[in-house]
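> One structure is given below, represented as structure tokens, and several questions about it will come after.
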Amino acid sequence: MKAARLEAGAFHIRDVPIPDPGTDEALVKLSAAGVCHSDLHLARGDWVGIPEIGSIGHEGIGVVEALGPGADRFVAIGDRVILGLGGAGGGYWCGACRQCIAGRTRLCVNTRMLMGTFAEYLPVWAPALVKIPDSLSDHEAPLACGGLTAYGAVKKLLAHGVVPGRSIAVIGAAGGLGHYAVQIATAFGYEVIGVDVGAQRLEFVRSLGASMAVDANEALDAVRGAVGGVDASLIFSAKMAGFRLGFDLLGPHGLMVCVGLPATSEGNIEINPFAFFAKDATIIYSAVGTVEDMRELVAFAAAGKVKSHVSRTGALSELPAIFDELEAARYLGRAVLTDLSR
Ligand SMILES: [Zn+2]
Ligand SMILES: [Zn+2]
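Take any residue in the sequence shown, count from 1 to its spot, add 34: that is its number in our numbering.
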């Protein structure tokens with residue numbers, strides 16, 4: 035079978051043997067794989083300290099084709115499943131450590147990554163698989179990381195007392211994650227102010243249900259004029275300017291939810307302590323979500339409340355071109371590989 039591999043920082047498509055599923059693993063034949071911005075960062079070596087070798091791709095939809103010992107407790111051959119859980123933490127969690135028991139499975143002391151959806155087959159730890167109805171098309175593969183990450187971030191609003199009805203800002207609202215956050219937060223009942231750049235992207239943000247869409251360069255004045263400041267900002271930007279804006283847009287006691295992972299070369303989040311004091315702000319990070327969040331999101335999507343916006347599809351062999359296009363921000367929403375066999 036064909037599989038994408040990162041080798042010494044360079045990206046190749048290789049012919050490799052079809053893997054066997056191990057204990058508690060299901061072999062999934064992938065019918066679609068989403069191309070996440072994280073894959074681009076990995077392929078480009080943007081994050082200093084992250085290994086530059088291994089399988090990549092962490093969003094997929096496929097069908098269970100074989101089961102390793104014990105996996106039949108979780109799935110059956112023929113089940114159509116979505117997999118990924120954002121890669122980090124989607125490969126295994128022990129269920130018994132302090133973090134697992136608290137519901138933070140990504141932080142499990144025995145956690146494993148789930149990587150390798152840019153391939154025809156992938157063996158996956160079966161408890162991490164979520165069954166999906168046939169009504170959800172293969173184009174919904176990016177729900178597995180992009181959608182889940184946005185869903186997890188919106189749920190953080192509730193956990194921190196930002197109730198539906200209040201104004202929130204989504205920074206990077208037309209992007210691969212942001213476009214989900216606008217739909218999900220709108221469905222939860224928030225007044226969503228979508229921030230992005232350029233008329234076409236703002237029009238897209240409005241079409242997703244945002245009550246207001248503003249250009250990043252005008253956002254501060256527009257938001258202050260409209261609502262004073264937002265109760266929360268969700269930051270999906272891959273640029274540090276987006277993080278600065280997200281903080282500046284906050285009203286008193288605002289919640290800043292950081293989600294984007296800019297390249298290391300973008301530098302650090304800088305907050306003026308006096309501004310921090312004056313706003314009495316809360317700053318948190320929100321990373322992906324749990325398998326239970328994934329189940330909730332699948333139900334949400336099946337009910338028609340969130341939909342992946344896919345602007346580009348292609349075969350595995352087109353991945354290098356898709357990475358170039360993604361880097362140049364040449365399309366809205368997401369790209370999905372719909373043929374992993376060539
Ligand atoms: Zn654990
Ligand atoms: Zn991802």
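A virtual CB, placed ideally from N, CA and C, is assigned to each residue, including glycine.
Measuring straight from C-alpha to C-alpha, what distance separates E154 and K36?
6 Å
> Please output, in chain order, the residues near ligand 2 using a CB cut-off of less than 5 Å to any non-hydrogen atom of the ligand.
C70, S72, C179
> Leaving out the 5 sequence neighbours to the left and right, which residues in its chain are closer than 6 Å to A208 when beta-carbon positions are compared?
Here the set comprises D230, R235, F238, V239, L366.
> By DSSP, does D255 sit in helix, in strand, or in coil?
helix
> I'd like the span of the beta strand (DSSP E) that includes Y319, first residue to last.
Looking at the DSSP string, the run of the beta strand (DSSP E) that includes Y319 is 316-319.
> DSSP puts S267 in a beta bridge; with which residues?
A203, M290
> Let me check understanding here. Comparing Cα to Cα, which of V109, S351, C134 lies closest to R48?
Ranking the options by Cα distance to R48, first place goes to S351.
> Which residues share a DSSP beta bridge with H46?
R39
> Just the C-alpha distance for G150 and L156, rounded to the nearest angstrom, thanks.
Those two C-alpha atoms are separated by around 7 Å.
> Whole angstroms are fine: how far does the CA of A369 sit from the CA of I356?
When only Cα atoms are considered, I356 and A369 end up about 7 Å apart.
> DSSP on G186, reduced to helix/strand/coil?
DSSP places G186 in helix when its eight states are reduced to three.
> Using C-beta distances below 8 Å, list every residue in its chain close to T347, excluding the 5 sequence neighbours before and after it, in chain order.
H173, A369, V370, L371, T372
> Should T57 go down as buried or exposed, given a rule of 16 or more other Cβ atoms within 10 Å for buried?
exposed
> Hey, A100 and I111: beta-carbon distance below 9 Å or not?
yes
> Can you give me the C-alpha to C-alpha distance between I303 and T316, rounded to a whole angstrom?
14 Å
> I need the DSSP call for G181, collapsed to helix, strand or coil.
helix
> Suppose the cutoff is 6 Å on Cβ atoms and the five residues either side in sequence are ignored; what does the same chain contact list for H377 look like?
What the structure shows of the chain is the stretch from 35 to 376, and residue 377 is not part of that stretch, so it cannot be assessed.
> I'd like to know if the segment 175-183 and the segment 127-146 are in contact, where contact means that at least 3 CB-CB pairs between them fall below 8 Å.
no
> Do Q133 and ligand 1 come close, with the Cβ less than 8 Å from some heavy atom?
Because some heavy atom of ligand 1 lies under 8 Å away, the Cβ of Q133 counts as near it: yes.
> I need the straight-line Cα distance from G383 to E330, nearest angstrom please.
The first residue shown for the chain is 35 and the last is 376, placing residue 383 beyond what the model contains.
> If you compare alpha carbons, which of P354, V226, V325 is closest to W159?
V325
> Quick one, which of L268, L76, A336 has its alpha-carbon nearest R39's?
L76
> In the DSSP assignment, find the unbroken beta strand (DSSP E) run with D373 in it and report its ends.
Element bounds for D373: 368-373.
> Assign M246 to one of three DSSP states: helix, strand, or coil.
strand
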